[in-house]
Amino acid sequence: MLKSAYVHFMRTVAVPLRASGLLDCLQRAPTGSFRFWLGSQFAIYDAAQLARMDVPWWTFSAIAQVERWIAGRGGDVRAFEYGTGASTAWLARRCRQVVSAEHDAGFLRAMAPLLALDNVELRLAEPRRGVASTQVRSGRRGYADCDFSDYVDAIGADRYDLIVIDGRARVACFERARRQLARGGLIVFDNSERSRYASALNWAGDTVARCRGWAPALPYPSETSLITLSEEARG
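Take any residue in the sequence shown, note its place counting from 1, add 9, and you have its number in the working numbering.
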């Protein structure tokens, strides 16, 4: 209830700020600056607006590191992500190819016009509901009877240089993603401070770089982790 009230308040306040031109000024400030962060607060839970601002919903320090990592490869990067959103558009502007899996059909339809790009492939993998024996569960409230096996398997058999885990059933996604990571590749695991993801981060051990700090469209600090794996760990 409190979260919904906050989002409604911020979106209501955004209307006169945008009409005055102040909000556009803030949202065009350098990424990672205080002005940009402040302007991004009015795009909370608005993936389309964050996409227009050209920023993924990760911590600013993680964004900067991933951007350098991609640039260091001249943009010749195949990326896969669990969880379509602003990051899809951001990656598409920087990577050779982006494949994005999403579990929510309505959200995917809403984002599709922004992501109608030659180097983007969108995959819908809805959970199976009412399954008696759930194989892959999400820890998020409201999904107890859902099996996310198809979502986890949406990555297929290909290998990717960059894999983003930012959707449902993230521990299971990590287990699958590490086997599809190309040599020298990078995994981006968002919201890694949440206790339900600890098993994946603990398994990765010393290969995890935790990027704690401020993030776009969040009024409190968060954490995005960057994971590199040895050939043995990749399986």
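Virtual Cβ for every residue (Gly too), placed ideally from N, Cα, C. Computed from a predicted model, the values in this text were never measured in an experiment.
Asked: Candidates E90, A73, G92 and C104, of which the one nearest R82 by Cα; Found: C104
Asked: DSSP three-state assignment for A101, whether helix, strand or coil; Found: helix
Asked: Inside the segment 53-123 only - beta strand (DSSP E) runs reaching at least 3 residues; Found: 87-91 and 106-111
Asked: Touching by the beta-carbon criterion (3+ pairs, under 8 Å), the segment 85-102 and the segment 60-70; Found: yes
Asked: Boundaries (first-last residue) of the alpha helix (DSSP H) holding T21; Found: L11 to S29
Asked: Residue nearest to L35 in terms of C-alpha spacing, selected from V16, L59 and H17; Found: L59
Asked: Collapsed DSSP secondary structure at L227 in the structure displayed; Found: coil
Asked: Residues near P228 in its chain [Cβ-Cβ closer than 7 Å; skip 5 each side]; Found: Q50
Asked: DSSP three-state assignment for T233, whether helix, strand or coil; Found: strand
Asked: Under 8 Å between C-beta atoms of A134 and H112; Found: yes
Asked: Rounded straight-line distance, which links the Cα of S29 to that of P2; Found: Residue coverage of the chain in this structure runs from 10 to 244, which leaves residue 2 outside it and unanswerable.
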